[in-house]
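Please read the structure below before turning to the comments.
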Amino acid sequence: MSGFSTFLAKEFTEIRKTWRIWVIPGMLLFFAITSPIIADLTPAIMASVSKGQPGVVVTMPPPTWRDSYAQFLKSLSQMVLIAVVITGAGAVSGERSSGTAVLTLTKPVSRASFVLAKIVSQAGLLVAATVLSTAVCLVLTMSIFGAAPLGPLVASVSIWTIDALLMIVVMTLFSAGFAARGASAGAGLGFFFLTLLISIWPPATRYSFVGLTSVSGRALMQQPMGAFWPVATALVAGVLCAWGAVRVFERQEI
Amino acid sequence: MTDAPAIEITRLVKKFGDTFALDGIELAVPHGSVFGFLGPNGAGKTTALRILTGLARPTAGVARILGADVSTAGNVVRSQIGYLPDVPGFYPWMTALELVEYAGRLFGIRPTILRERAGSLLEMAGLSAVRSKVGGFSRGMKQRLGIAQALINAPSVLLLDEPTSALDPIGRREVLEMIASLRGRTTVFFSTHILADVERVCDTVAILDRGKVVANAPIAELKRRAAVDRLVIEVDGNPATLISEIEKRPWVRVVERSGEQITLGVTDLQSAQRELPVAIGAAGLGLKRFEGAEKSLEDMFVELVRNAEPPSRRVAEPPR
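Chains as they are written, first to last, in numbering that gives the first Met the number 0: chain A, 0 to 253; chain B, 0 to 319.
Okay, structure coming up:
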């Protein structure tokens with residue numbers, strides 16, 4: 000496993016030394032900081048908007064910690080997932096087009112090790128950044144709203160993390176399959192919007208991974224989650240996509 | 000180590016669609032030799048090297064390194080080879096030392112040995128004092144770094160794709176000397192289109208053209224073969240009439256004129272030796288010089304590559 004561990008160590012060093020350290024962690028931290036602030040200011044903003052329009056009266060309940068968490072989750076489910084798609088698009092294809100895949104793969108490193116190290120490093124970065132940003136969101140929510148229960152935030156963010164990890168594996172599959180970064184990004188965005196579309200259909204939401212966003216929302220509202228099928232199918236899909244990425248890359252000529 | 004050649008290629012075919020990049024090539028590279036893989040651009044050299052390194056798969060045939068089939072042996076073969084691609088790709092955020100050490104760690108080399116070996120290889124590559132990131136390196140620096148990383152595991156077989164193409168004359172000479180110094184210890188297989196490099200360091204050469212091996216022999220043998228069908232004659236007058244006369248002979252392949260000197264490529268040396276003095280006399284010219292000339296590898300290369308085309312006679316005159 001020296002090939003896997005060395006390549007994985009290279010991946011983490013690359014994350015630390017290049018732009019990759021700023022994109023996903025930067026976005027997560029940005030939303031962790033701005034979500035409680037936006038939740039706090041929303042009633043005031045709406046009031047100022049309605050003031051300029053005679054006859055329009057907007058009445059909003061006072062914001063709570065739940066609004067802060069909901070704002071954070073909304074940003075994760077949209078902006079951060081799209082960022083995962085864009086950054087993951089070049090995971091394998093970028094190494095291939097720059098010639099660095101040749102440098103590594105002509106050493107005793109299997110293609111499976113190469114692909115799996117890519118998945119593990121991206122997953123590691125995402126999980127670490129998510130834990131940090133969740134903690135930041137919790138502290139800021141507490142300081143602004145005076146209450147910040149840990150359970151709903153951890154449960155909902157954990158479910159979202161499963162969704163994001165699945166997206167990382169899917170993007171690794173696309174990146175292994177398409178030679179161009181743009182093509183894999185396009186396929187990834189197509190997959191993202193397709194899952195959004197399918198999630199309109201209730202049985203799909205209940206029994207497949209497209210329901211993870213709904214489960215996350217229910218966790219936040221402290222309602223029964225019904226997480227089994229969405230989580231189980233996400234795990235199965237993740238394993239299948241990782242296996243597929245390895246197989247696709249093994250068959251490719253570089 | 001087995002008795003098998005270090006590199007053995009048997010009826011290797013690689014097709015891209017309907018195009019044959021490699022068309023049944025056969026090669027055997029002895030252990031410890033420096034083998035030149037020569038060919039014009041697009042001949043299939045890089046494709047053959049990609050197959051040898053396991054980056055591409057053959058359509059048919061077998062390529063073996065140290066007795067193991069490269070298509071199936073995986074890490075067993077890769078742990079014993081060093082490879083420099085024609086355009087080396089490196090992580091731009093690494094320094095030269097970091098990159099060579101990264102390559103060494105992929106081979107599982109122990110840290111103490113790795114540090115020492117990386118230092119001496121960078122010294123050899125003239126990069127030991129360079130602290131900047133690889134992203135800012137010139138092509139020549141990248142080429143030298145590529146050679147250093149290819150040697151980090153002290154490979155049994157070193158595969159080099161155009162190793163001197165981006166180097167200045169001094170760098171080129173250093174690399175060629177380094178390649179020559181490996182003779183006997185490491186099998187070096189290097190592709191190039193620079194004939195002078197092959198002449199300088201190789202024991203044996205294979206010439207590849209449009210996916211086929213058109214020659215495969217020790218350098219000395221190739222040059223010896225080439226020398227017998229080349230004649231230089233010098234006459235004491237304008238040889239224009241003589242040239243138009245001898246061009247008609249069936250044994251003439253190439254006629255080159257330089258002043259009063261004519262260089263001939265012939266297919267039948269005996270006929271040439273018999274008929275040329277007669278033709279010179281008939282043209283009213285005196286014969287000043289008549290001798291066999293040693294052909295350079297370049298002449299040989301050009302001729303072999305042109306031979307694959309329909310035969311045609313050419314008269315080449317230098318610009319006046």
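Yeah, the Cβ is synthetic: ideal placement off N, Cα and C, and Gly gets one too.
Remember, predicted model here, so these are calculated numbers, not experimental data.
Expected contact under 8 Å - CB spacing of residue i and residue j to nearest Å
i                 : j                 : result
ALA163 of chain A : LEU125 of chain A : 6 Å
PRO276 of chain B : GLU259 of chain B : The pair is not a contact, with the Cβ atoms about 16 Å apart (cut-off 8 Å).
GLU10 of chain A  : SER120 of chain A : 4 Å
SER155 of chain B : GLN79 of chain B  : 5 Å
ALA20 of chain B  : PRO4 of chain B   : The Cβ separation is near 23 Å, so there is no contact.
PRO39 of chain B  : ASP228 of chain B : Not really, about 22 Å apart at Cβ, beyond 8 Å.
GLU274 of chain B : ARG248 of chain B : 7 Å
ILE206 of chain B : ALA214 of chain B : 4 Å
Residue i in three-state terms, based on DSSP
i                 : result
THR254 of chain A : For residue 254 of chain A there is no data in the structure shown, the boundaries of chain A being 0 and 253.
LEU75 of chain A  : helix
GLU246 of chain B : coil
PRO42 of chain A  : helix
ASP66 of chain A  : helix
ALA153 of chain B : coil
ALA146 of chain A : coil
TYR101 of chain B : helix
LEU65 of chain B  : coil
LEU104 of chain A : helix
GLY2 of chain A   : helix
THR9 of chain B   : strand
LEU321 of chain B : What is shown of chain B runs 0 to 319, which leaves residue 321 of chain B out entirely.
ARG116 of chain B : helix
LEU284 of chain B : coil
PHE357 of chain B : Since the displayed chain B opens at 0 and closes at 319, residue 357 of chain B lies outside it and no answer follows.
SER78 of chain B  : coil
GLY60 of chain B  : strand
ALA27 of chain B  : strand
ILE106 of chain B : For the record, residue 106 of chain B in the displayed sequence is Phe; it is not Ile. Three-state DSSP puts PHE106 of chain B in coil, outside helix and strand.
Min CB distance residue i to chain B below 9 Å
i                 : result
ILE253 of chain A : yes
LEU115 of chain A : no
PRO151 of chain A : no
LYS275 of chain A : Here chain A has residues from 0 to 253 only, and residue 275 of chain A is not among them.
PHE6 of chain A   : yes
PRO107 of chain A : yes
SER49 of chain A  : no
LEU102 of chain A : yes
GLY89 of chain A  : no
SER97 of chain A  : yes
GLY2 of chain A   : yes
THR17 of chain A  : yes
VAL247 of chain A : no
ILE20 of chain A  : no
Between the CA atoms of residue j and residue i - distance to the nearest angstrom
i                 : j                 : result
TYR68 of chain A  : ALA233 of chain A : 23 Å
VAL254 of chain B : ALA111 of chain A : 58 Å
GLY41 of chain B  : ARG63 of chain B  : 23 Å
ILE232 of chain B : LEU194 of chain B : 26 Å
ARG172 of chain B : HIS192 of chain B : 16 Å
PRO223 of chain A : ALA8 of chain A   : 40 Å
THR240 of chain B : GLY280 of chain B : 12 Å
GLN52 of chain A  : ALA46 of chain A  : 10 Å
GLY43 of chain B  : VAL22 of chain A  : 42 Å
LEU166 of chain B : GLU97 of chain B  : 22 Å
ALA184 of chain A : ALA178 of chain A : 11 Å
ARG217 of chain A : ILE161 of chain A : 15 Å
VAL197 of chain B : LEU105 of chain B : 31 Å
LEU193 of chain A : VAL91 of chain A  : 23 Å
ASP267 of chain B : SER190 of chain B : 33 Å
ALA82 of chain A  : LEU152 of chain A : 21 Å
Interface flag, residue i vs chain A, CB-CB below 9 Å
i                 : result
PHE136 of chain B : no
SER190 of chain B : no
LYS14 of chain B  : no
ALA165 of chain B : no
GLN148 of chain B : yes
PRO84 of chain B  : yes
PHE300 of chain B : no
GLY88 of chain B  : yes
ASN237 of chain B : no
SER70 of chain B  : no
SER155 of chain B : no
What are the start and end residues of each continuous alpha helix (DSSP H) run of 4 or more residues lying completely inside the stretch 150-213 of chain A, in chain order?
-> 180-197, 201-206
Any chance you could list the beta strand (DSSP E) runs of at least 3 consecutive residues sitting entirely within the stretch 196-275 of chain B, in chain order?
-> 203-208, 211-217, 229-234, 251-257, 260-265
Completely contained alpha helix (DSSP H) runs for the stretch 131-197 of chain B, where each covers 4 or more residues = Fully enclosed alpha helix (DSSP H) runs of 4 or longer: 138-149, 168-180.
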